[in-house]
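K.L.:
Have a look at the structure that comes next, please.
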Amino acid sequence: MSRIAVIQKEKCNPMGCGGYLCIRVCPVNKMGEECIVEDDDKKPKINEEVCTGCGICQNRCPFGAISIIKLPEELDKPPIHQYGKNGFHLYSLPTPIFGKVVGVVGVNGIGKSTAIKILAGVLEPNLGKLDGNLDYKELINYFKGTEAQVFFEKVRDKKIKISYKPQHVDLIPKQVKGKVKELLKKVDEKKKLKEVVKELQIENILDNDIGKISGGELQRVAIAAAVLKKADLYIFDEPSSYLDIKQRLRIAKFIKNLADDKTSIVVIEHDLIVMDYMADLVHIMYGKEGCYGIVSQLKAAKAGINAYLEGFIKEDNIRFRDHKIKFETKPAVKKGKEYMLTEWPEMKKKLGKFKLTVDSGSVNKHETIGIIGENGIGKTSFVKLLAGVEKADSGEVDDKVEVSYKPQKLEADSDELVVNVLSDAIKKHTKDIINPLNIKDLYMKKLSELSGGELQRVSIALALSKKCKLCLLDEPSAYLDVEQRLLVSKVIKNVAEHSGLSVMVVDHDLLFIDYLSDRLIVFEGEPAINGVEKGPFTMEEGMNSLLTDVEISLRRDDASGRPRINKPGSVKDREQKSKGKYYYG
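In this text, residue positions in the sequence shown follow the working numbering: the first is 7, and each later residue adds one.
In structure tokens:
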């Protein structure tokens, strides 16, 4: 087996370990050879050629910054790309297939965005050559005999044009200025502006400034900009972020319909229902976060997603996770006054031109309630009323029940350390919250230094660990990868069951909501005009209400139990709809 040494520089703190502990404990250094030395950036550097792989530096590093990794034997080639000495290694790339949508699934930090940036031509791969002297012939030769060889030959010969929708759409207003319509006109090589704008439902914001539209609107504008360009390969990095359930399904259908004999699509997506709906084929990316990533062979979408949930790739005999993710059938919810935690009355709230109407309802002890509906329809306002952050114009929430609230928008401008922010949670909830959410590695980071996903996990831990009877979480799946979402849902359910806590969760990921919810609240109405809160319903009633509105039906996968969207017009789809059973009919 080949071996790599990776140092995650952002975790490394030489002064915090008493001054280069790894250099001091290295046996090779003690024998007089230079294995671990101080680099120009004042961080350690490991010479892999003399490293024996003893693992002492890895085990002794108090910050978990060092990884000495034995790679599988089949990885006898250099990496496709390496970020500097002892940096992240990427092995192999996704393969675009004409006429197909190819999906890429994997955890954050495994190299998905790096891989598609290479495909998009945004990042030039170095094949592990850190001096930067790479000949394009070497790249083509690297993939000799594969589909990727043909692809890169066509890229070299300018026979393939690529359009790329980046992951971080929130950065777009910092890069371009002007009205949405003018910006889209500039990239409209297909002359299909009207058609695409209508499909993506962004007609109402065409005259708005790009810097003054919401995240969901920005996402759809970015997708429109990518699609309006003439290209043979369209790449979408996380196209469902910021979108509500209806918009996600509409975008999935839109992207799926782009693929034809002359066009290929590659998509990274964390919403597995959306991925399953739009992808024909799937690559699984595995490895070790922040250290190295490997792209699996292509699999049919159903088989690929199931293998991902299984944590095992049969063809390669690779187990990349030590547990399966399984969806269980839920027991019926217990009813009756003795099980009820609290209730709320009918309420009304006016916010500018928007009117919110709330039906009376209640939440039970130990219960998790999912809250679903379109963007701009009052879900966040409803949660704020329950949290006491806002007061209703009519109707009053019982304030005798202690409430904890995690807002949708997370504030991260504080220089306070995570370990201090979560001091109570660490004392009381290390086993059931801190450890499962993998927060220990973040202890010595300032809130202002955390990534979106890290800040989300810290915020969830803080909300769940507070002394309360009811915990309200607004969009906890945002910025999290597939595994983190399912992990968070498991933590929420465990805390609800074992700590006597009730939890209400607003989210747009249907799989996430299905996995954790005992009952559902559904919002209806017209975004930005009026919203009506209804429920809580049983899962079947609530999901039927939502799915009827978006005209899709769900079935359970035989192998994993996960929810899957039926192919529109299929026998199963027609059968369930005719019975009015859109949810697992």
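Even for Gly, the Cβ is constructed at its ideal location relative to N, Cα and C.
1) Are the segment 269 to 279 and the segment 300 to 308 touching, with three or more C-beta to C-beta distances below 8 Å?
2) Bridge partners for residue 88 per DSSP, in chain order?
3) Suppose the cutoff is 8 Å on Cβ atoms and the five residues either side in sequence are ignored; what does the same chain contact list for residue 7 look like?
4) Can you tell me where the beta strand (DSSP E) holding residue 614 begins and where it ends?
5) Flag this pair as touching only if the segment 170 to 180 and the segment 195 to 208 have three or more C-beta atom pairs under 8 Å; answer yes or no.
6) When the Cα atoms are used, what is the spatial distance from residue 347 to residue 368?
7) CB-CB under 7 Å to residue 196, same chain, minus the five flanking residues each way: which ones, in chain order?
8) Which whole runs of the beta strand (DSSP E) in the segment 150 to 194 are 3 residues long or more, in chain order?
9) Please state the DSSP three-state secondary structure of residue 424.
10) Quick check: the Cα distance between residue 464 and residue 500, rounded to an integer number of angstroms?
11) For residue 140 and residue 122, what's the separation of their Cα atoms in angstroms?
12) Determine which residues share a DSSP beta bridge with residue 254 and list them.
13) From the DSSP output, in three-state form, read off residue 7 for me.
14) Using the C-alpha atoms, what's the distance from residue 371 back to residue 460?
15) What is the DSSP secondary structure of residue 518, reduced to helix, strand or coil?
16) In three-state terms, what does DSSP make of residue 269?
17) Which residues mark the beginning and the end of the beta strand (DSSP E) in which residue 58 is found?
18) What first and last residue would you give for the alpha helix (DSSP H) that runs through residue 539?
19) What does residue 65 pair with, by DSSP beta-bridge criteria?
20) Suppose only complete runs of 3+ residues qualify. What are the beta strand (DSSP E) ranges in the segment 314 to 401, listed by chain order?
21) For residue 286 and residue 262, what's the separation of their Cα atoms in angstroms?
22) Along the alpha helix (DSSP H) that carries residue 281, what are the first and last residues, could you check?
23) Is residue 294 helix, strand or coil by DSSP?
24) Among residues of its own chain, excluding the 5 on either side of residue 224, which ones have a beta-carbon nearer than 8 Å to its beta-carbon?
25) So residue 491 and residue 515 are supposed to be a Cβ contact under 8 Å. How far apart are they, rounded?
26) Go ahead and pull the three-state DSSP assignment for residue 478.
27) Assign residue 239 to one of three DSSP states: helix, strand, or coil.
28) To the nearest angstrom, report how far apart residue 31 and residue 46 are at their CA atoms.
29) Would you say residue 474 and residue 408 are within 8 Å of each other, going by their C-beta atoms?
30) Please confirm whether residue 416 and residue 468 have their CB atoms less than 8 Å apart.
31) Restricting to Cα atoms, I'd like to know which of 34, 332, 291 and 189 is closest to residue 95.
32) Which term fits residue 570, buried or exposed, when burial requires 16 or more other beta carbons within 10 angstroms of its beta carbon?
33) Hey, would you say residue 589 sits closer than 8 Å to residue 546, going by beta carbons?
34) Indicate whether residue 525 and residue 548 have their beta-carbon atoms separated by less than 8 Å.
35) Just mark residue 419 as buried or exposed, buried being the case when its beta carbon has 16 or more other beta carbons within 10 Å.
P.N.:
Result, derived from the coordinates:
1) Because the criterion of three Cβ pairs below 8 Å is not met, the segment 269 to 279 and the segment 300 to 308 do not touch.
2) Looking at the DSSP assignment, residue 88 forms a beta bridge with 95.
3) At residue 7 the pLDDT is 47, less than 50, meaning the model places this residue with poor confidence; the figure from the coordinates comes in the next sentence. Result list for residue 7: 76, 77, 78 and 79, in chain order.
4) This structure cannot speak to residue 614, because the chain is shown only from 7 to 591.
5) No contact exists between the segment 170 to 180 and the segment 195 to 208.
6) Inter-residue distance for residue 347 and residue 368 is about 8 Å (C-alpha atoms, whole angstroms).
7) If we look at residue 196 and ignore the five residues flanking it on each side, its Cβ neighbours are 234 and 236.
8) Runs of the beta strand (DSSP E) inside the segment 150 to 194: 168 to 171.
9) The answer is helix: DSSP assigns residue 424 an H, G or I state.
10) Whole-angstrom Cα-Cα distance: 17 Å.
11) For the pair residue 140 and residue 122, the Cα-to-Cα distance works out to about 19 Å.
12) DSSP lists no partner for residue 254.
13) Confidence at residue 7 is low in this model, with a pLDDT of 47, below 50, so its placement is unreliable and the value that follows should be read with caution. DSSP, reduced to helix, strand and coil, places residue 7 outside both helices and strands of the structure shown, so it counts as coil.
14) Answer to the nearest angstrom: the Cα atoms are 29 Å apart.
15) Assigned with DSSP and collapsed to three states, residue 518 falls in helix.
16) Strand at residue 269.
17) Where residue 58 is concerned, there is no enclosing beta strand (DSSP E), given that its DSSP letter is neither H nor E.
18) It is not in any alpha helix (DSSP H) - residue 539 instead sits in the beta strand (DSSP E) that spans 536 to 544.
19) Paired residue(s): none; residue 65 is not in a bridge.
20) Runs of the beta strand (DSSP E) inside the segment 314 to 401: 346 to 350, 353 to 357, 360 to 364, 367 to 370 and 374 to 378.
21) If you take the alpha carbons of residue 286 and residue 262, they lie about 9 Å apart.
22) Segment 278 to 284, the alpha helix (DSSP H) holding residue 281.
23) The answer is strand: DSSP assigns residue 294 an E or B state.
24) For residue 224, where only same-chain residues beyond five positions count, the Cβ hits under 8 Å are 175, 176, 178, 179, 216 and 248.
25) Yes, they are in contact, since the Cβ atoms of residue 491 and residue 515 sit about 6 Å apart, within 8 Å.
26) Three-state DSSP puts residue 478 in a strand.
27) Taken through DSSP and simplified to helix, strand or coil, residue 239 comes out as strand.
28) Rounded to the nearest angstrom, the gap between the Cα atoms of residue 31 and residue 46 is 21 Å.
29) It is a contact, given that the beta carbons lie within the stated cut-off.
30) For residue 416 and residue 468, no; Cβs fall outside 8 Å.
31) Closest by alpha carbon: 291.
32) When all chains shown are included, residue 570 counts as buried.
33) With respect to residue 546, residue 589 sits close: the two C-beta atoms are nearer than 8 Å.
34) A contact, by the Cβ cut-off of 8 Å.
35) By the neighbour-count rule (16 or more Cβ atoms within 10 Å), residue 419 is not buried but exposed.
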